[in-house]
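Contents: one structure, followed by commentary.
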Amino acid sequence: MSVETAPNQLNVPYLDISDPSFAMQSEELRNARETNWYAKTNYGIAVLRYEEVSKLLKSPKLIQGSAKWPAHNGVHGGLFFEWWTKNLLVLEGEDHHRIRRLLNPAFSPRLIKDLVPRFQALANELIDDFIDGGSCEFIGDFAEPYATRVLTILLGIPESQWPTIARLASTIGLALGVTFKQDLDKVDAAVAELYAYAEDLIKDRQANPGEDFVSRLVLASRDGDTLNDEELRNALVLLIFGGMDTTRNQLGLAMQSFMRNPKQWELLAQRPELGGKAVEEVMRINPTVTWVTREAVEDFTYQGLEIAEGTTVHLFTQASGTDPLAFPNPELDLLGEHPAHYGFGGGVHHCLGHFVARADMSEALPLLASRLANPHLTGGDEWLPDSGNTGPIRLPIGFTKRR
Amino acid sequence: MAQITVDRKLCDNHGQCAIAAPKVFSMNDEGILEFEETFDDALLDEVEEAIDVCPVQAIFVKD
Ligand code: HEM
Ligand code: HEM
Ligand code: SF4
Numbered sequence: 001m002s003v004e005t006a007p008n009q010l011n012v013p014y015l016d017i018s019d020p021s022f023a024m025q026s027e028e029l030r031n032a033r034e035t036n037w038y039a040k041t042n043y044g045i046a047v048l049r050y051e052e053v054s055k056l057l058k059s060p061k062l063i064q065g066s067a068k069w070p071a072h073n074g075v076h077g078g079l080f081f082e083w084w085t086k087n088l089l090v091l092e093g094e095d096h097h098r099i100r101r102l103l104n105p106a107f108s109p110r111l112i113k114d115l116v117p118r119f120q121a122l123a124n125e126l127i128d129d130f131i132d133g134g135s136c137e138f139i140g141d142f143a144e145p146y147a148t149r150v151l152t153i154l155l156g157i158p159e160s161q162w163p164t165i166a167r168l169a170s171t172i173g174l175a176l177g178v179t180f181k182q183d184l185d186k187v188d189a190a191v192a193e194l195y196a197y198a199e200d201l202i203k204d205r206q207a208n209p210g211e212d213f214v215s216r217l218v219l220a221s222r223d224g225d226t227l228n229d230e231e232l233r234n235a236l237v238l239l240i241f242g243g244m245d246t247t248r249n250q251l252g253l254a255m256q257s258f259m260r261n262p263k264q265w266e267l268l269a270q271r272p273e274l275g276g277k278a279v280e281e282v283m284r285i286n287p288t289v290t291w292v293t294r295e296a297v298e299d300f301t302y303q304g305l306e307i308a309e310g311t312t313v314h315l316f317t318q319a320s321g322t323d324p325l326a327f328p329n330p331e332l333d334l335l336g337e338h339p340a341h342y343g344f345g346g347g348v349h350h351c352l353g354h355f356v357a358r359a360d361m362s363e364a365l366p367l368l369a370s371r372l373a374n375p376h377l378t379g380g381d382e383w384l385p386d387s388g389n390t391g392p393i394r395l396p397i398g399f400t401k402r403r
Numbered sequence: 404m405a406q407i408t409v410d411r412k413l414c415d416n417h418g419q420c421a422i423a424a425p426k427v428f429s430m431n432d433e434g435i436l437e438f439e440e441t442f443d444d445a446l447l448d449e450v451e452e453a454i455d456v457c458p459v460q461a462i463f464v465k466d
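Just so you know, the protein sequences line up as chains A and B, in that order.
Under my numbering, the residue at position 202 of the first sequence is numbered 202, and the numbers go up by one with no gaps.
Under my numbering, the residue at position 27 of the second sequence is numbered 430, and the numbers go up by one with no gaps.
Next comes the structure, spelled out in structure tokens:
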């Protein structure tokens with residue numbers, strides 16, 4: 001039992017969130033959530049219940065806490081550092097809003113809808129390649145190529161280049177892991193390569209603007225203001241970085257959840273119109289982004305807790321999405337009516353790409369269900385730790401071909 | 404003058420509308436949405452961006 005009582009504060013549980021064996025879906029976490037709405041951690045506090053996560057995620061007293069991530073890892077310069085400190089995710093106030101205003105229109109759900117037939121064709125093409133074998137490595141054979149090629153479709157990069165993009169994005173992803181400092185040279189080299197990609201793309205669309213997504217960004221203007229070349233480049237890198245591993249991991253976690261709930265998989269196979277609901281349910285009970293990080297900009301009191309300026313606040317998504325106080329029946333249920341989850345974050349930093357991610361995953365899941373019966377683990381699966389962003393690295397599965 | 408409504412049951416106070424159309428939508432100190440029901444037609448483009456960007460699609464034009 002590692003729930004302990006901190007000095008002076010009764011019944012405040014403690015969680016070691018940097019222990020590699022720390023598990024979100026554990027007895028320890030459920031007990032902590034039952035005891036109190038927040039826990040102390042080795043770094044700041046963790047908010048565990050739905051109502052409090054919802055409120056604090058949008059609180060004007062908290063700002064993005066990830067800005068200090070490189071510094072926290074002893075990284076104070078280099079290409080990644082320069083990029084990280086200027087990207088939308090960590091900008092605040094009017095600097096953030098200005099970029100967001102210029103980027104938003106390209107992500108309009110009306111424009112994303114036009115891409116749906118291409119998402120469907122891509123999913124079917126990938127499934128065709130492994131369906132006859134009765135087994136696949138779900139990440140390498142489906143989740144990763146799907147997530148990456150969706151982005152190449154969105155950005156108008158030739159789809160054949162997806163392995164390069166996938167490699168670069170994963171290398172930059174090392175920056176969010178514990179070995180960041182050791183990997184710094186590799187990470188910076190990948191940022192340089194991705195910059196070159198993005199710059200070519202921008203030059204091409206500036207010379208030949210069309211109706212496509214990147215042309216819309218290049219042409220975006222608001223009250224006479226536009227994105228300059230550096231801002232465009234930084235944004236494209238953020239979209240690749242923020243859109244790929246997240247979608248890959250979330251699809252892997254979706255497969256895990258449905259393998260644990262075979263009746264729900266059958267229901268999805270029979271009723272593909274529940275694809276959207278499937279995405280919401282999976283992200284509620286099994287989100288890849290297990291927490292978002294915030295930092296207090298001033299001293300304030302919330303629910304009797306004094307939160308001092310500078311305190312790091314981790315908002316736990318999976319714990320909040322299965323909180324019995326908000327979800328009396330927290331199990332995966334495609335026919336249930338549930339409050340919104342926070343798997344895409346919330347507030348001013350709410351995921352910019354969520355309409356894309358929702359559109360592509362809500363096509364992929366019902367197509368998979370309608371073609372693969374009884375998916376099950378066949379052994380050899382490997383997983384990322386539960387802290388930060390999680391999901392399977394390898395997920396070998398067997399199934400029966402339906403069609 | 405154009406008119407809008409927000410479905411308060413759907414609205415989750417993300418504040419994205421206030422970024423897109425700050426003359427019509429704003430967030431108060433508690434982080435709760437406040438908005439003008441009627442606004443000048445000149446702001447229609449901005450408001451349409453707010454309608455599009457709302458993560459839960461809670462904003463509707465009244466005609
Ligand atoms: C996008 C932003 C972030 C991501 C993806 C992220 C991810 C992670 C991950 C994966 C771990 C687990 C390390 C392990 O398994 O041992 C971790 C631990 C930790 N994180 Fe974060 N984090 C982010 C932002 C931050 C920020 C902004 C801070 C503080 C200002 C922070 C403070 C910590 C601390 C103190 C630990 C414990 C690690 C240690 O003891 O050295 N994180 N984070
Ligand atoms: C299942 C897939 C995805 C998940 C789970 C996800 C999750 C998230 C989360 C939790 C945040 C908020 C982080 C925070 O507040 O600290 C975020 C922000 C963001 N996401 Fe996503 N995302 C996904 C897909 C995408 C895609 C496909 C794109 C782009 C095409 C994208 C682009 C962004 C950007 C640019 C931000 C920063 C927004 C801002 O700070 O204003 N994401 N995402
Ligand atoms: S963007 Fe939508 S959810 Fe957010 S405050 Fe505006 S209306 Fe409410």
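Built from N, CA and C at the ideal position, the CB exists for glycine as well.
Segment limits, alpha helix (DSSP H) that includes residue i
i: A:Ala196; result: Phe180 to Ala207
i: A:Val218; result: Phe213 to Leu219
i: A:Tyr50; result: Tyr50 to Leu57
i: A:Ser320; result: Thr317 to Gly321
i: A:Gln256; result: Asp229 to Arg260
Contact belief for residue i with residue j at Cβ below 8 Å, rounded distance in angstroms
i: A:Ala123; j: A:Thr148; result: That belief does not hold up - the Cβ atoms of A:Ala123 and A:Thr148 are roughly 13 Å apart, past 8 Å.
i: A:Leu89; j: A:Leu238; result: 7 Å
i: A:Gly304; j: A:Ile139; result: About 44 Å separates the two Cβ atoms, so there is no contact after all.
i: A:Val218; j: A:Ile202; result: 6 Å
i: A:Asn234; j: A:Trp83; result: 6 Å
i: B:Ile462; j: B:Ile422; result: That belief does not hold up - the Cβ atoms of B:Ile462 and B:Ile422 are roughly 13 Å apart, past 8 Å.
i: A:Ser370; j: A:Ala269; result: 5 Å
Proximity test, residue i beta-carbon vs ligand 2 heavy atom, cut-off 8 Å
i: A:Ser257; result: no
i: A:Leu377; result: no
i: A:Leu227; result: no
i: A:Arg100; result: yes
Neighbour list for residue i in chain A, Cβ cutoff strictly below 9 Å
i: B:Gln419; result: Arg100, Asn104, Gly347, Val348 and His350
i: B:Ala461; result: What B:Ala461 touches in chain A: nothing, since even the nearest Cβ is about 11 Å away.
i: B:Met404; result: Within chain A, no residue comes near B:Met404; the closest Cβ sits about 21 Å away, beyond 9 Å.
Amino acids of chain B, ordered along the chain, whose beta-carbon sits closer than 8 Å to that of residue i
i: A:Ala220; result: What A:Ala220 touches in chain B: nothing, since even the nearest Cβ is about 11 Å away.
i: A:His354; result: Pro458
i: A:Pro272; result: The contacting residues do not exist; A:Pro272 stays about 21 Å from chain B at best.
i: A:Arg49; result: Chain B residues near A:Arg49: none, gap ~16 Å exceeds 8 Å.
Opening and closing residue of the beta strand (DSSP E) in which residue i lies
i: A:Trp291; result: Trp291 to Ala296
i: A:Met24; result: Per DSSP, A:Met24 belongs to no beta strand (DSSP E) and is neither H nor E.
i: B:Lys465; result: Ile462 to Lys465
i: A:Thr390; result: Careful: A:Thr390 lies outside any beta strand (DSSP E) and carries neither H nor E.
Own chain, CB closer than 7 Å to residue i, minus 5 neighbours either side, in chain order
i: B:Leu447; result: Ala405
i: A:Arg49; result: Arg33, Trp37, Ser320, Asp323 and Leu325
i: A:Pro109; result: Phe355
i: A:Glu199; result: Arg233
i: B:Arg411; result: none
i: A:Lys61; result: Ala296, Val297, Glu298 and Phe300
Residues that residue i contacts on chain A, provided the C-beta gap is smaller than 7 Å
i: B:Glu452; result: Asn104 and Pro105
i: B:Asp444; result: Simply none; closest approach about 17 Å.
i: B:Asp410; result: What B:Asp410 touches in chain A: nothing, since even the nearest Cβ is about 13 Å away.
Own chain, CB closer than 6 Å to residue i, minus 5 neighbours either side, in chain order
i: A:Gly353; result: Gly243
i: A:Asn8; result: Confidence in A:Asn8 is poor, its pLDDT being 46 and thus under 50, which makes the residue's placement unreliable; the coordinate value appears in the next sentence. Excluding residues within five positions, none has a Cβ falling inside 6 Å.
i: A:Glu4; result: Confidence at A:Glu4 is low in this model, with a pLDDT of 42, below 50, so the placement of that residue should be treated as unreliable; the coordinate-derived value is given next. Closer than 6 Å at the Cβ level, and outside the excluded window around A:Glu4, lie Tyr14.
i: B:Glu439; result: Val427
i: B:Gly418; result: Met430
8 Å Cβ shell around residue i - same chain, five flanking residues per side excluded
i: A:Met259; result: Trp265, Pro375, His376, Leu377 and Ile397
i: B:Asp444; result: Met404 and Ala405
i: A:Glu331; result: Asn261 and Ile285
i: A:Arg216; result: Pro105, Ala106 and Leu111
i: A:Ala192; result: Leu79
Closer than 8 Å: residue i CB and nearest ligand 3 heavy atom
i: A:Pro109; result: no
i: B:Cys420; result: yes
i: A:Cys136; result: no
i: A:Cys351; result: no
Proximal residues of chain B, C-beta to C-beta of residue i below 9 Å
i: A:His338; result: Residues of chain B passing the Cβ test: none, with the nearest at roughly 13 Å.
i: A:Lys263; result: By Cβ distance, chain B contributes nothing, its closest Cβ being about 28 Å from A:Lys263, past 9 Å.
Chain A residues whose Cβ lies nearer than 8 Å to that of residue i
i: B:Ile407; result: Within chain A, no residue comes near B:Ile407; the closest Cβ sits about 17 Å away, beyond 8 Å.
i: B:Asp432; result: Pro60
Within chain B, partners of residue i - CB distance below 7 Å
i: A:His97; result: Ile422
i: A:Val66; result: Per the sequence shown, residue 66 of chain A should be read as Ser rather than Val. Per Cβ cutoff of 7 Å: no residues; A:Ser66 is ~18 Å from chain B at best.
i: A:Pro108; result: The displayed chain sequence assigns Ser, not Pro, to residue 108 of chain A. Within 7 Å Cβ-Cβ: Asp455.
Check: residue i C-beta below 8 Å from any heavy atom of ligand 5
i: A:Ser135; result: With respect to ligand 5, the structure shown offers nothing to examine, as its ligands consist of ligand 1, ligand 2 and ligand 3.
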